[in-house]
Amino acid sequence: MVSKMKEITANLFRVAIIAAVAGISAFCARCYYVSFLAENSLSFRTSLVLTVIFLCGPLAYFALLSVLRYCFYREFASPADGELPFCTVVVPAYNEGSHVCKTIESLLRSDYPADKFEIIAVDDGSIDDTFRWIKLAAEAAPERVRVIRFPGNRGKRAALNAGFSAAKGAIVVTIDSDSIVERRTLRRIAAPLVRDPRVGAVSGSVTVSNTANGLLPSFFETCFTFSFDFIRCAQSVLHGVVCTPGAISAYRRSVIDKVRDVWVRQTFMGRSSAIGEDRALTNMILEQGYGVVMQRSARISTNVPETYGALAKTLLRWERGNVRENLRMYLFIFKNFRWNDLRRWFLLVTLLVYTETMLLPLVMVWAAFYYIIMTQGGVLLGILSMTLLWSTLPALVNLQHHSTKVLCRCYLYGIFYALTLFWLLPYAVLTVNDSRWLTRRHANSAGKC
1 MVSKMKEITA NLFRVAIIAA VAGISAFCAR CYYVSFLAEN SLSFRTSLVL TVIFLCGPLA
61 YFALLSVLRY CFYREFASPA DGELPFCTVV VPAYNEGSHV CKTIESLLRS DYPADKFEII
121 AVDDGSIDDT FRWIKLAAEA APERVRVIRF PGNRGKRAAL NAGFSAAKGA IVVTIDSDSI
181 VERRTLRRIA APLVRDPRVG AVSGSVTVSN TANGLLPSFF ETCFTFSFDF IRCAQSVLHG
241 VVCTPGAISA YRRSVIDKVR DVWVRQTFMG RSSAIGEDRA LTNMILEQGY GVVMQRSARI
301 STNVPETYGA LAKTLLRWER GNVRENLRMY LFIFKNFRWN DLRRWFLLVT LLVYTETMLL
361 PLVMVWAAFY YIIMTQGGVL LGILSMTLLW STLPALVNLQ HHSTKVLCRC YLYGIFYALT
421 LFWLLPYAVL TVNDSRWLTR RHANSAGKC
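Going by our numbering, the first residue of the sequence shown is number 1, and it counts up by one from there.
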């Protein structure tokens, strides 16, 4: 009886989210339509149409994601011990300090059969005591932990590639070295690769472990919930997740071996691509025709930036990587395009929406001033409603898993981003050829800078 009530409540919540998205979107559309009819100026109407494309296009996409996520998403069932293949876990580390030891210890506590998985820890030329902590963790299980050390910093791609080269497993899992892995995570993230041969990569789910250390980590937590539990889960329905996160992902070894050499030597505008390694690898797997899915119960917790400077640097690096890979995705999205390929159509729509969102901050600033002046505030209600919707979507998703106080954090973060971080996307576009990592430049700097 209790389980039946929970199922009914969950279904009602799904219906409420879809109805809220549809209702507010319809209200926004009506506001713009009324303004369109009220003004006969061609320039005004053209500007209004462009604004609707840039603003309502992504909203329509999120409405589609709502239906996919809450009506069709299902996880892959965890395999039994006998079904599990040998698995290699690669842990790249740079200036992590004691965090890397805790990561390895959490992996060793996994319920994945001990004789079926290994850990390869790669010290990427750390300048602090990271290697000492790696050795300490390896000494506790020398038969299960292998260590690779670079004499100098070569970058995360090189560290991951060294792990891929040395891996023995048919499945390779990548885990960031400041993350704590839940006991059943490895078994769960391997499930899609065991169950479906068409799947080439799997995204896990990331939560924030340092939310007690200030407001910014709590902002990250709401963003992660929206990104993993909503966006990636919805994209997973059509096997079209566009980014397997560096923090936790699983790959079919035979698939990444086909692209590994190209991936590690990838360049952008004549320079070595030292950022966006996770999105780039996902792109190459999608280009081969393999599906990429989300397994939301495969969870880890990780440290995130606690200061504005570290937050801005992290987001800027992510945005630069996304801009690069959005451009690269256009190079293959139309190759071997089949009209009946629903997944390829979905990837194309996703790419177009992501391209729109790159310019969205500029459009919103321009629209706010232009339309308020031109209509004497007549379309202001529509703009305010649109702004409300952008914060309401993550708020509703977070409300399903957290207390009501998270609602305030979602709206507060929306205001915070609009006032202090709106410059990130335009600046990332203008400086997209900058491959600096920006963070982890100091000893023991995980989650700090």
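Think of the CB as a built atom: it goes at the ideal place given N, C-alpha and C, for glycine as much as any other residue.
Bear in mind the structure is a predicted one, so any value in this text is a computation, not a measurement.
Selection ALA166, TYR94, SER297 and VAL304 evaluated against ASN213 yields VAL304 as nearest (Cα-Cα). C-alpha of VAL255 to C-alpha of LEU419: approximately 43 Å in a straight line. If you keep only unbroken beta strand (DSSP E) runs of at least 3 residues inside the segment 106 to 184, you get 117 to 123, 145 to 149, 171 to 175 and 179 to 181. By the Cβ-count criterion, ALA77 is exposed, with fewer than 16 other Cβ atoms from all chains shown falling within 10 Å of its own Cβ. With fewer than 16 neighbouring CB atoms inside 10 Å of its own CB, LYS405 falls in the exposed class. Residue environment: PHE72 is assigned as exposed (fewer than 16 neighbouring CB atoms within 10 Å of its CB, all protein chains considered). A Cβ-Cβ distance of about 17 Å is found for the pair VAL242 and GLY57, leaving them out of contact under the 8 Å criterion. Distance from the CA atom of VAL206 to the CA atom of SER106, rounded to whole angstroms, is 15 Å. Taking C-alpha positions only, GLY204 is separated from PRO245 by approximately 8 Å. Following the DSSP letters along the chain, one finds ILE248 inside the beta strand (DSSP E) bounded by residues 248 to 252. Distances from the alpha-carbon of THR282 to those of ALA274, TRP263, SER297 and ARG299 put TRP263 closest. With 16 or more neighbouring CB atoms inside 10 Å of its own CB, TYR290 falls in the buried class.
Exposure of TYR308 is indicated by the presence of fewer than 16 other C-beta atoms within 10 angstroms of its C-beta. Within the model, the alpha-carbon separation for GLU96 versus LEU438 is close to 15 Å. For GLY200, the enclosing beta strand (DSSP E) begins and ends at 199 to 208.
The closest CA to that of ASP111, considering only LEU327, ALA190 and THR225, is found on ALA190. Using a Cβ distance threshold of 8 Å, VAL91 and SER177 count as a contacting pair. In the three-state scheme derived from DSSP, where H, G and I count as helix and E and B as strand, CYS243 is classed as coil.
In the structure shown, the three-state DSSP call for PRO92 is strand. The segment 220 to 228 makes no contact with the segment 119 to 139; the number of CB pairs closer than 8 Å stays below 3.
With 16 or more neighbouring CB atoms inside 10 Å of its own CB, ARG279 falls in the buried class.
Residue THR174 holds the alpha-carbon nearest to the alpha-carbon of ALA93 among VAL34, LEU59 and THR174. At least 8 Å separates the beta-carbon of ARG109 from that of ILE171. DSSP places GLY321 inside the alpha helix (DSSP H), whose first and last residues are 308 to 332. When DSSP states are grouped into helix, strand and coil, ARG296 belongs to the strand group.
By the criterion of a C-beta distance shorter than 6 Å, MET294 is surrounded in its chain by SER203, ARG232, CYS233, SER236 and VAL241, once the five residues flanking it on both sides are discounted. In this structure THR222 is in contact with CYS410, their Cβ atoms being roughly 5 Å apart against a cut-off of 8 Å.
If you draw a straight line from the Cα of GLN288 to the Cα of ASP196, it comes to about 16 Å. Straight-line spacing of the CA atoms in THR88 and LYS168 works out to 6 Å. The straight-line gap separating the alpha-carbon atoms of VAL100 and LYS335 is approximately 41 Å. In the three-state reduction of the DSSP assignment, SER273 falls in the coil class, being assigned neither a helical nor a strand state. Around the C-beta of SER41, fewer than 16 other C-beta atoms lie within 10 Å, and the residue is accordingly described as exposed. The bridge partners DSSP lists for SER301 are ILE180 and THR207.
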